[in-house]
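S.K.:
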Amino acid sequence: MPINYFLILSAFLFCAGAYGVLARRNSVLVLMSVELMLNAVNINLIAFSAQAQDVAGQVFALFVITIAAAEVGIGLAIVLLIYRNLRSPDLDRVEQLKG
Amino acid sequence: MGTPYFDYHALAPVIVLAAVALLALVVDFVWKDGGRRAVPQIAGIGLLLALIPVFTLAADGETRSMFGGAFVVDNYALAFAGFFLIVGYVAVLMSYDYIDEGDYYRGEYYVLLVTSVLGMVVLASARDLITIFVAIETVTLPTFVLAGWRKHDTRSNEAAIKYFIIGVLSSAVMLYGMSLIFGLSNSTLLSEIGSVASGDNPALFAVAIFLTLAGFAFKVSAVPFHFWAPDTYQGAPLPVTAFLSVASKAAGFVAMLSVVALGFFASPNSWQPVIWILAAASIVVGNLAALRQTDVVRMLAYSSVAQGGFILVPLAVSGDNDAARAGFQGVLVYILIYAAMNMGAFACVIANARRTRSTEIQSFSGLGRSNPAMAVVFTVFLFSLAGIPPFAGWFAKFVMFRAVLDAGTTAAVVLGVLAAVFSVVAFFYYGTVIRRMWFHAPVDLGDTGSPQVPGALVAAMAITTTVVVVIGVYPQLFAKIGDLAFRAT
Amino acid sequence: MLDNVWIIPLIPAVSYLLILFFGKRMPKKGAEIGIAALGAAFVLACITVMQWIDRVEAAVSKEGGAATGLGALGRSVVAAATGAPEVEPVVRGFTWWENGPAKFEIGARVDGLVVMMLVVVTLISLLVHVYSTAYMHEDRRFTHYYAALSLFSASMLFMVISANLLQLMVGWELVGLCSFMLIGHWWEEKPNSNAALKAFLTTRTGDVGLMTGIIIVFFAAGSFDISVVNEYALSPEVNHGLMMWASVALMFGIMGKSGQFFLHTWLPDAMAGPTPVSALIHAATMVVAGVFLGARVYPVFWEGFSIGGGGLNMMAVVGGVTIIVGAALAFVQNDIKKVLAYSTVSQLGYMVMALGVGAWLGAVFHLFTHAFFKACLFLGAGSISHSATHHSFDMREMGGLRKPMPVTFWTFIVGTIALAGIFPFAGFWSKDEILATADQGDFRIFLVVGLIGAAMTAAYMTRCVYLTFFGQYRGHHHPHESTPAITVPLVILAVLSVVAGLLQSAPFEIKKFQEWFEQVGGLPKEMIIPEFDYGLAAISVSLATIVVGVAAFFVFRREEHGALKGLTQRNRVAHAGYRFLERKYYLDDLYEGVIVAGVKGPIARGSNWINQYVIDGVVNAVGRGSARAGRWAYEVFDQEVVDGAVNDIGRETVLAGGGMSKLQSGRLQRYALFLLASVGVIGLAVYIVNVA
Amino acid sequence: MDWFDDWALTLAVFTPLVGMAIVLLIPRAEEAAIKVVALLTSLVTLAIGVGILVDFDFGNTAKMQFQVDKEWIPVINARYHLGIDGISLPLLILTMVIVPLCIIYSLDHFPEPHNPKAFLALILLLEVGMIGTFVALDLVLFFIFFEVVLLPMFFMIGVWGGPNREYASIKFFLFTLFGSALMLVSFLALYFLSKRSTFDISTLASFEGAGITRGTQVLLFAGLFLGFAIKVPMFPFHTWLPDAHTEAPTVGSVLLAAVLLKLGTYGFIRIALPILPEGAQVWAPWIGLLSVIGIIYGALCCLAQRDMKRLIAFSSVAHMGFVMLGIATLTDFGVNAAVFGMVAHGLITGMLFFLAGSIQHRYHTREMSRLGGLLVSAPKMGWILGFCAMASLGLPGLAGFWGEFPAVLSAFEPSRLANGILGNTASTLWTFRTFMVVAAIGTVLAAGYLLWMYQRVGMGTPKPEFEDAHIHDVHRPEWVAWTPLLLGIVVFGLFPNLIFSITNDAASSITRAFSG
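Residue numbers (this note's numbering), protein chains in the order written: chain A, 705 to 803; chain B, 20 to 508; chain C, 63 to 754; chain D, 857 to 1372.
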C-alpha cells in the first residue's frame, strides 16, 4: 500500500481533531479531539516506520501514546476543577482573564 | 544496538533530580507535619545537589554521548542544565512563602517543580526527536498542574485550561511535524536529520520543520502562538508564572536551538524565514501590546513575548554569512540574562503583591518612598529588561545586535533596526512602572497585606540582582559560557 | 617706559578691583583710588609721550639731512614717508594662546598713534574722575560708579596699546561692556536700562562686522599682528578681494562703535548715563574706538577701498552722510546733551570721512582736538544741570545763565568756537587738515560736504549757546556757579581747546603733531599731506562766522517772534521736515519698532512656536503614535482579532460549513483557532517558498 | 608614582561608586553623615584629579596617558581600556570640579521631596558615568558609561523636578536611548568592518577608516551622529533639553549643562571624527549647517521665553552650536575651539543655572515678568548674574569668548576635505564662510537675549509682590559653590592658553586625517 494513503488518512484525522478542538463547547470533547490529533501523528509514525523498516517510529508512537494518556489525565483533572467551580464543563464560561 | 551504555557520571544530574522528586513525594506523604517545612528544603537542596555533577562534568570537559547519540552531555548541555537548576532553585525560593501561606499547600508542588526541571535538564542533552519530545512534555505537563494550583480560584482554573488546551494543541502540531520529519529523513536523530537537511528535500520537509518549530514557538510564546501567555501568566500563581516565563520559555528556546543548530541548520530556507517572522512579530506585537497594560503581570507577559522576540533575533540571522556561532551564543547569553532579570522582576511583583494584594501597576505607586530597597531592586530589573547599562540587559541586547551585524544581510539589518526601535519603545512601559514607583505618591489601597518581604524572597532577589549587576559590569562570565557551549559545534 | 607701556592700563584695572573690594570702606568711597590711579596713569602716559618724542627726534637728528629735508618739506604734496625717517614702533608681546599651528600674542605696541591716544584718554579720564567727585556726589552707587569708570579707562587703554587685532577686539568689547554699565548706571528706571541695552546691542551688531573683518584679515595676512597686517595690506601680493571684504566688514564695526549713520541711534540715547560718562564716552573712549580702529589698520582700508584712487568709497560716504545727518538732528533737540550727542555723531562723521578721503593725519588730529572741546562742552552741560537746573538738560528750562555761571559760560563758549572751527581754535586746524586733504586728493564732493557740515555745526551750536546762556532764565531753581572740582577741569579743557590745534598749525610752520604722531610704522606711502590753503581756510572760517551770525539772527527772531517755529507749523513741507528730524529719520522706529520688535516678537515667537508645535509636535506625535499603535496592536489585533475579526472571517469563509455557529464557543477556542490558522497560513507560505 | 599612573583613572572612575555604596549603607536618618561622606567622596575624586593633573605629561598631550588596558570581555574583544589625552583632561577635571560644587550647593537646600541620601547617591553615580565616559578608550566601555549617566539624571528630573517632571524625564530618557541604540549598532558595525575586529578606540582611530568604504562610513557616521547629536543637543534633536532643564532640580540642570551635554561633543571628537574620517568629511557641511541653525534658532527661541531657566536652556542649544561648528570644520583649530567652548560653556551655563536655581529658591518663580530688581534686593547676586550673562554672551576677557570666537574663526578656513557633497574646495570654503557670518550674527542675538533677561531680572525695581519679601543675598554655601566657577571664568578668559596648550597637540593628532 502506498504510504500516501496513510498520510492522507492521518491528515484527515488531524484536521478532524483540529475541528473538534475549535468547534466543541464541552471541554471533555475538546480533550478527545486532541487525542484524535495525536493519533493522527501515531498513524504517520507507524506508517513511516513500516516503510523504512525502522523501529524508531514505533518507539516514538509508544511514547506518544503514553504521554497522551498523561495529558488526558491532567486535562480531565483541570476540567473537573472547572466543573466544580463553575458547574459547567463548557469552555466559553472561562472568560475572566483579559486585558 | 547492544546493551545500552550507561555513563552514570553523565546521568548524575538527572538521577539526583529524580531521586529528589521521589524523596520529596515520600517525605510529604510520610511526614505530614514536618513535611511542610522539609519538602521545600529538600527540593531546594536537591536542585543545588544536582549542580555538583554538572560542575564536575564541566570540569572534566569531555563530551559524553549515550543511547546512540540521543543523549549527549557536552558543554552546551551542561550550560543549560546548570542554568535550569539555578532557575529552579530560585523558583523554589520564590514559591516558599507564597505556597506556604496560601490555602493550597501541598508537598506535590515541589515535586512537580522538580520534575519539570528534570525535564529541562534532559532536554538540554536531548539530541533526538523522541528524547526532545519526551523531555519537553516532562517539562510541560507538571506546569499545567502548577498553573491551576489554586484550585478554588476560577482565574487559576482558567489559566490552567487555556494553557493546557493550547499546549496540547501545540504538542499535536509539533508531533505532526516530527512525524513528517521522521518520515522524510528516516531517522529521529538530529545528527542524521542534519545530514539529510543538507541535501535536496521536498517542500514538505520545510513544512514539517515549520510545524515542529511551531510547537516550540508555543513554549516560547512567540507571536502568533502567544495568546495563552498573558491570560495564563495573570491567572497562575505568581511563582509559577515566573517559572513559566523563564524556565519553561527557556526550555522552548533550548529545544528550538537544538533542532535548528544540530538538525535543520543545513537548510536555512526552511527555518530561517519562519524564525525571522516569529521574531519580528513578537518584537512588534509584544512591545506594542505591553504599552496598554495596567496589570503588571500582563505587562510582564507581553514584555516576555517581546523579549522572546529579541532572543529569536540572533537565531533568525544565524544562517547568514557564518554568523552561526555568534547567533547561537547570542541566544544562549540572552536567555541566561533574561532569566535573571525576569525572575527578579517577578520576585519583586510577588513581594509587592504580598504587600498590596494587587498586581495593578497602580499598586506600585510610591514604592520608592515606602520601600526604597525593593523599589531600587525592581528598578534595576526593569532597567535591565529595557537594556540600559550597567545592568545585564545591555549585554543581552549587545550580543543580539552583534549577531545581526555579523550576519550583515538585509534581512538581518531590517530585523536589527526593528529591534533597535522597539527596544526604545519598550522603555515606555518599563518606564511607566518606574515612574509609578518613584515619581508618584503612594496611593491608599485599603486592604494591605504584609509589608515584610520574606527571607526566601529576599534571597531570590539577592541572587538575581547580583547576577544582573555583576553580569552587567563583567559580562565575560556569561559570554564565556556562551563561547564554551558552542565551541564544539 | 616705552617698553613697559602695559603698566598704564594695568593701573586703572587694579584700581577697579581695589575700588570694587575696598572702595566702600575708604573715606571718599573709592573716588580717591580712582583719581590716584588715573593720575598715575596720566603721568606715565606723559612720560611715554616724552620718551616717544625723544625717540622720534633722535631718529630725525640721526638722519641729519633728512631732518633738514623735513623742515624744507613744508606742506608740499609729497608722500608722507619719503623724507621722514621711519621710527620703528616699540612692540613687545608674549604668546597668549596657541591653537593648532597658529600662535596668538598679547602685547603692547607703542607708536605715534598710541602715545597720542594714551595721553588723551588718561587726561580726559582723569578730569572726568575729578569732576565726578562733585557731580556724582551722594549718588546711590558712587563706589560702583568709580569702579566702572576705572575699568572703562583700563579697557580703553588696553585697546589702545593692543599689538594685534584680537587684543584690540578684546579691549573694544570691554569698552562696550563698561559703557553698558555706565549708561545703565541708574538702572532702576527702564529708559536707562533700555539705553544701555541699545548701546550694547547696536555696537554688538557692528561687532559682527568687526569679528568677520578681523577673521578675514587674519586669514589673508596670516596673523592678527598689526604690523604684519599693515605690511601685508601694502605689499604687492595683497589679495584685493579679501581686503575689500575685510574693509566692508570692519566698516560695520566702526559704524557701530563710532555712531556712524545708520547705526548711530544708540549714541543720543546713551545720554541716559551720568554726564561725566557722556563726556568720557564721547570724547575719549568708546566712540573714538571706531576711528582708532580705522587709523590703526589704515592700510587695509586704503587697499580695500582703493582710497588712493579717489572717487567715492564706502568709508567716505558713510562719514559724509553722517556729518550731515548728525548735524541736522542737532538742530531740533531741546536737550542740551542731545545736541552735543548729535554733534559728536557729526564730528565722528568728519573723522571717518577723513579716513575715507585719505586724510589719516586729519582724522587723528581731529580726534585729538575733538576730545578736548567735546569733553569741555559735555562737562559744561553737566555743570549747568548740576548747579542750575537740578539735573535737567532741557534747554527750555535754561537761559540767561551767562551771569550766574561765568566760568561755565566762558569755557562753554571756547568749546563752541573750537567745535565750530573758528580760527585759531583747535577745531579749525583739524577740520582744515581734513578739508584740505579732501580738496587736494580727488574728493571734491566731500570737501563740499565738509563745508556744509561746518556751517551747520556753527549754526546749531549758536542756537544751543543762545538758548542756554542768553535771554531770560526759564527754570525754577537758583543757578549758581559750580564747585572747583567741576570748574577746574572745565578750564583745563578750555585751555586745551584753544592751544591743542597749534600743534599742527601750518601757517606758523608748526607740524609737531605730524612729526610725532604720524610715526606708526606702515602707512600708505602714497598718502597725501596737504598744502596749507589760505583760500580754503578763509572760506571755512568765513563760512562758519557767517552762519553763526545768521543762526544767531534766526534764533533771536525765533525767541522774539517764533518765526522758525511758526514756519514749521505753517509750512507743510517744513513741518514734515521737522517731524522727520524730530523722529530721527524714523530710524529708531525702524530698529525698535520693526527689527527688534520683529525679532523679539513674531520671529522669536515663531521659532518658539516651531519648537513647541513642529519639532516638539513631531516628538510628541511619535510618542502618541506609538501609544496609539500600542492600543491598536493590543486591542484591535491582540484581543479583537481573536474576538471579532477572525471570528467573522471564520464565520464567512474559512469554515463556511455546518458547525460554524459552534465556532463562537469562547475565547479559548478563538486562541486555538488563531493558532491553527497561523500554522496553516505560515505553513502554506513556507511550502510555497520552498517549492519555488 | 608608578602605581598612580596605572591606577589613577580607575580610582577616579570608581571612587564615587564606593562613596555611593557607603552613602547607601548609611541609614537615612543620618543626614549629616550622608552629606559628609558624599562631599568627601567627591573631594577625594577631585584630589585624584589634581594628582592626575600633577602627573600629566603636558609636553606630550597627544599621547594617551595613564593608560590601563586589561581584558574585560575577551569573547567580544572588549577591553577595559582607559586613558586620557589633552582633550579628555580638561573635561575630566571640569567634571571633578563641578560635582563637589553641586554637592556643596545642595547641602542646605535640597529640592523637594528632600531625601538627601538618594539625591547624593545619584549625583555620585552620575559622576561615575561622566568620568568614565571621558576616560574610556573602548567603544563598549564608552557606551556603558555613556548610558550610566542616563539613569541618575532620569531620576533627578523625575523625582526632584518641577511640575511637568514626568514628561520631561521620559522625554530625556527616550531621546537619549534612541540615539544610543543607533550608536551601539554603529559601534558594532565598526567592530565587524574594521581590519581587525576590535572595539579599541585608539586602534580604530589609527586605521583612519581604512577598509571601510565611503558609503558605509557615511551610514555609520549617521548612526554615531544621531547618538551624539541628541546628547549635544543639536537642532532639531534638541527638544528634550528645554524640558529637561526646566523641570530638573538646580543641581541637575547644572550637571546637565556643565557636563552631560559635553558627552555628545566629546563623542564626536573622540570617536566619530578619527574613526570615520570619510564619513565626517561628507557630513561636515551638514553638521555645520545644523550648528548655525541651532545658533540662530536657539537664540530666537530664547527671546520668546518667559521662564528664565528655559531661556538659559535654549541658550545652551545656541552655545553648543558654536562648539559643533568648530568640530564641523574638521580642523585642529576648530576642535581646539570646541573643547574650549565645552569647558567655558560648562562653567558659564552651569553658573547661570545655579543662579536660576537660587533665584527660584528665593522668589519661588522663574517668570521673568514677575522678577526684577535683583540688583536692589540682592545686589551681589545681581552682579554675579550680570557677570555670567556677560560671560555667556562671549565677552572677551571671559571664558565664553574663547569658545565662541575661535569657533567662528575656524569656519573661515575649514579643512579642504570637509566637502561633503559640495564636491569642490571653493564651494566648501564659501559654505563655511557663510556659516561664519551667520554664527557671528548669532553673537548679537546672544547679547540680545542675555541682556534682555538681565534687564528684566536684574535691573529695575522689585515688583510690588516682592517689595516686602526678604530676599537673601548670596549665602555662604553658594559662595563656596560659585567662587571656583567664577574664578574659572575669569582665569580661563585671561589665560586661554591654560586650556589651548593642553588640547592643541591632541586636536592636531585627531584631525590629522583631514589636514591633507
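Every residue gets a Cβ at the ideal spot worked out from N, C-alpha and C, and that includes glycine.
#1: Touch check for the region 502 to 510 of chain C and the region 432 to 448 of chain C: three-plus C-beta pairs under 8 Å?
#2: Near Ala210 of chain C, what residues of its chain come up, given a Cβ to Cβ distance below 7 Å and the 5 sequence neighbours on each side ignored?
#3: Figure out for me which residue from B:Pro256, B:Ala154, B:Met362 and B:Ala31 has the closest Cα to the Cα of Asn176 of chain B.
#4: Pick out the complete alpha helix (DSSP H) segments inside the region 393 to 438 of chain C, 4 residues or longer, and give them in chain order.
#5: Give the straight-line distance between the Cα atoms of Tyr208 of chain C and Glu160 of chain C, rounded to the nearest whole angstrom.
#6: Would you identify the three-state DSSP class for Thr1359 of chain D, choosing helix, strand or coil?
#7: Short of 7 Å Cβ to Cβ, which residues in the region 669 to 684 of chain C face chain D?
#8: Is Ile929 of chain D helix, strand or coil when you go by DSSP?
#9: Suppose the cutoff is 8 Å on Cβ atoms and the five residues either side in sequence are ignored; what does the same chain contact list for Arg203 of chain C look like?
#10: Any contact of the region 220 to 229 of chain B with the region 284 to 296 of chain B, i.e. 3+ C-beta pairs under 8 Å?
#11: According to DSSP, what are the bridge partners of Trp159 of chain C?
#12: Classify Tyr675 of chain C: buried if its beta carbon has 16 or more other beta carbons within 10 angstroms, exposed otherwise.
#13: Ordered along the chain, which non-local residues of its own chain (more than five positions away) have a Cβ less than 6 Å from that of Ala405 of chain B?
#14: Based on the DSSP output, what are the partners of Met85 of chain B in its beta bridges?
#15: Going by alpha carbons, who is nearest to Phe284 of chain B out of B:Ala233, B:Met197, B:Ala261 and B:Val336?
#16: Quick one: is Asn748 of chain A buried, meaning 16 or more other Cβ sit within 10 Å of its Cβ, or exposed?
#17: Roughly how many angstroms lie between the CA atoms of Ser189 of chain B and Val931 of chain D, to the nearest whole one?
#18: So that I know if they touch, is there some Cβ in chain D lying closer than 9 Å to that of Ser322 of chain B?
#19: Under 7 Å between beta-carbons, which chain B residues line up against Trp1258 of chain D? List them in chain order, please.
#20: Would you say Ala311 of chain C touches the ligand SAH, meaning its beta carbon is less than 8 Å from a heavy atom?
#21: Could you list which residues in chain C have their beta carbon closer than 9 Å to that of Ala744 of chain A, in chain order?
#22: Could you list which residues in chain C have their beta carbon closer than 9 Å to that of Ser289 of chain B, in chain order?
#23: Would you decide whether Thr134 of chain B is buried or exposed? Buried here means 16 or more other CB atoms lie within 10 Å of its CB.
#24: Using the Cβ count rule (16 or more neighbours within 10 Å means buried), how would you classify Thr1069 of chain D?
#25: Using the beta-carbon count (16 or more within 10 Å), is Arg87 of chain C buried or exposed?
#26: Show which residues of chain C have a CB atom less than 7 Å away from the CB atom of Ser1357 of chain D.
#27: At what residues does the beta strand (DSSP E) containing His937 of chain D begin and finish?
#28: Taking Pro409 of chain B as the query, report the chain D residues whose CB atoms sit under 7 Å from its CB, ordered along the chain.
#29: What does the alpha-carbon distance come out to for the pair Ile354 of chain B and Ala269 of chain B?
#30: Could you list the residues in the region 242 to 263 of chain C with a C-beta less than 9 Å from some C-beta on chain D, going in chain order?
#31: Looking at the structure shown, is Ala280 of chain B part of a helix, part of a strand, or coil, going by DSSP?
#32: Within 9 Å (strictly less), CB to CB, does Ala689 of chain C reach chain A?
#33: Which residues in the same chain as Leu1273 of chain D place their Cβ atom closer than 7 Å to its Cβ, once the five residues preceding and following it in sequence are excluded?
#34: How should Ala392 of chain B be labelled, buried or exposed, when 16 other C-beta atoms within 10 angstroms of its C-beta is the threshold for buried?
#35: Three or more beta-carbon pairs under 8 Å between the region 1294 to 1301 of chain D and the region 269 to 276 of chain C, yes or no?
M.R.: The short version:
#1: no
#2: Cys240, Met243 and Leu244
#3: B:Pro256
#4: The qualifying runs are 398 to 418.
#5: 35 Å
#6: Look at Thr1359 of chain D here: in three-state DSSP terms it is helix.
#7: Per Cβ criterion, the list reads Ser669, Asn670, Asn673, Ile677, Asp678 and Val681.
#8: Per DSSP, reduced to three states, the secondary structure at Ile929 of chain D is strand.
#9: His247
#10: The region 220 to 229 of chain B, when compared against the region 284 to 296 of chain B, does touch it at the 8 Å Cβ threshold.
#11: DSSP, once it has assigned bridges, lists C:Phe166 as partnering Trp159 of chain C.
#12: exposed
#13: Correct list, in chain order: Ala445, Phe446 and Tyr449.
#14: Per DSSP, the beta bridge partners of Met85 of chain B are B:Phe90.
#15: B:Val336
#16: buried
#17: 37 Å
#18: no
#19: By Cβ distance, chain B contributes nothing, its closest Cβ being about 35 Å from Trp1258 of chain D, past 7 Å.
#20: Summarising the ligand content, the structure contains no ligands, and the ligand SAH is consequently not present.
#21: Correct list: empty, because the minimum Cβ distance to chain C is about 14 Å.
#22: Val748, Val751 and Asn752
#23: buried
#24: exposed
#25: exposed
#26: Glu160
#27: Ala934 to Ile940 is the extent of the beta strand (DSSP E) around His937 of chain D.
#28: Ile1000 and Val1004
#29: 7 Å
#30: Phe242, Met243, Gly246, Trp249, Glu250, Glu251, Lys252, Asn254, Ser255, Asn256, Ala258, Leu259, Phe262 and Leu263
#31: Of the three classes helix, strand and coil, the one that applies to Ala280 of chain B here is helix, per DSSP.
#32: no
#33: Gln1137, Leu1186, Phe1370 and Gly1372
#34: exposed
#35: Counting Cβ pairs under 8 Å, three or more are found: they touch.
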